[in-house]
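Participant: Sending over a structure as structure tokens; questions will come in a sec.
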Amino acid sequence: MWGSITNPYFSDNENSKSEIRLTHGTFKMTDPIDNGFNIENGTKITVENGDIICGNVNGIRQHVPDPQGRVGMSIVREHKSELNSPNGKIIAGTVRETVSLNADEILVLDLVDNVNISGRKIQIFGHKVSYDVFIELKKGGIIRFYDRGSGFDISDDAILKLENGKEFFLDELKLRN
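Under our numbering, the first residue of the sequence shown is numbered 118, with each subsequent residue one higher.
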């Protein structure tokens, strides 16, 4: 595929939402990082038996006026971008701001602000794992940080959940020389 995918998050009509579903094959953007192609604003992509190869993935948080009409009050409406490849891989750039990734194997650059990922094999190539990041390792899973700078900027509240239900903060894994 050539180009970015966005979702009209401001529309209340469910028929206008961006949802892509493949049963077999690979969803692939053409040189997504070099071309700056993004998946954004609540787009949902599911590949049942195949891989997802994309650029940066962004969700959006929208502040809307209070539904009860209280002056000066607002609520936050999240439009979460979701990528699902239960039997394949997700390869993405920077994953930022209300995003959910679910796959057997996940390869990402950075995880920034309110990201949930679930996979058996998770590989992080960048240096940043920011706040409100929740990582769930499936049974028999591993998590790996690459490069010298990988994992240096880990937020204090990034959480890792193991298959046995045990949770702990990711920065507890940091080792110092």
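Idealized CB from N, CA, C, for every residue including glycine. Since the model is a prediction, treat every value here as computed from it, not as a measurement.
Could you pull the DSSP bridge partners for R237 from this structure?
Facilitator: R237 is not bridged to any residue.
Participant: Please name the residue or residues paired with L287 in a DSSP beta bridge.
Facilitator: In DSSP, L287 forms no bridge with anything.
Participant: Indicate whether the contact test is met: 3 or more Cβ pairs, each with one atom in the stretch 220-235 and one in the stretch 198-211, closer than 8 Å.
Facilitator: In short, these stretches touch, since the Cβ pair count reaches three.
Participant: Count the other CB atoms within 10 Å of the CB of R187; is the residue buried (16 or more) or exposed (fewer)?
Facilitator: Looking at its Cβ environment, which holds fewer than 16 other Cβ atoms inside 10 Å, R187 is exposed.
Participant: Span of the alpha helix (DSSP H) holding I122?
Facilitator: Note, I122: premise wrong, no alpha helix (DSSP H); not H, not E.
Participant: My output table needs one value for D151: the three-state DSSP class, helix, strand or coil.
Facilitator: Here D151 sits in helix by DSSP.
Participant: I'd like to know if the stretch 131-146 and the stretch 174-181 are in contact, where contact means that at least 3 CB-CB pairs between them fall below 8 Å.
Facilitator: No, they do not touch.
Participant: Between G210, M190 and I192, which has its C-alpha nearest I169's C-alpha?
Facilitator: Residue G210 is the option with its Cα nearest to I169.
Participant: Which residues in the same chain have their Cβ closer than 7 Å to the Cβ of H180, if we skip the five residues on either side of it in sequence?
Facilitator: Hits under 7 Å: S191 and V193.
Participant: Exposed or buried, which one is S133 when buried takes at least 16 other CB atoms within 10 Å?
Facilitator: Its Cβ having fewer than 16 others within 10 Å, S133 is exposed.
Participant: Are the Cβ atoms of T160 and S198 separated by less than 8 Å?
Facilitator: Contact: yes.
Participant: To the nearest angstrom, how far is the alpha carbon of D270 from that of V246?
Facilitator: Cα-Cα distance, rounded: 6 Å.
Participant: How about G231 and E214: are their beta carbons less than 8 Å apart?
Facilitator: The sequence shown places Asn at residue 231, not Gly. Yes, these two residues count as a Cβ contact at 8 Å.
Participant: For N233, collect the residues of the same chain with a Cβ closer than 6 Å to its Cβ; drop the 5 residues on either side in sequence, then sort them by chain order.
Facilitator: If we look at N233 and ignore the five residues flanking it on each side, its Cβ neighbours are S217 and F251.
Participant: Taking the alpha carbon of V229 as the point to measure from, which residue in V212, S235, Q240 and H244 has its own alpha carbon closest?
Facilitator: For the residues V212, S235, Q240 and H244, the minimum Cα distance to V229 belongs to V212.
Participant: Compute the Euclidean distance between the alpha carbons of N281 and I241, then round it to the nearest angstrom.
Facilitator: Those two C-alpha atoms are separated by around 22 Å.
Participant: Only counting the same chain, and skipping five residues up and downstream in sequence, which positions put a Cβ closer than 6 Å to that of P149?
Facilitator: So the qualifying residues of the chain are C171 and G172.
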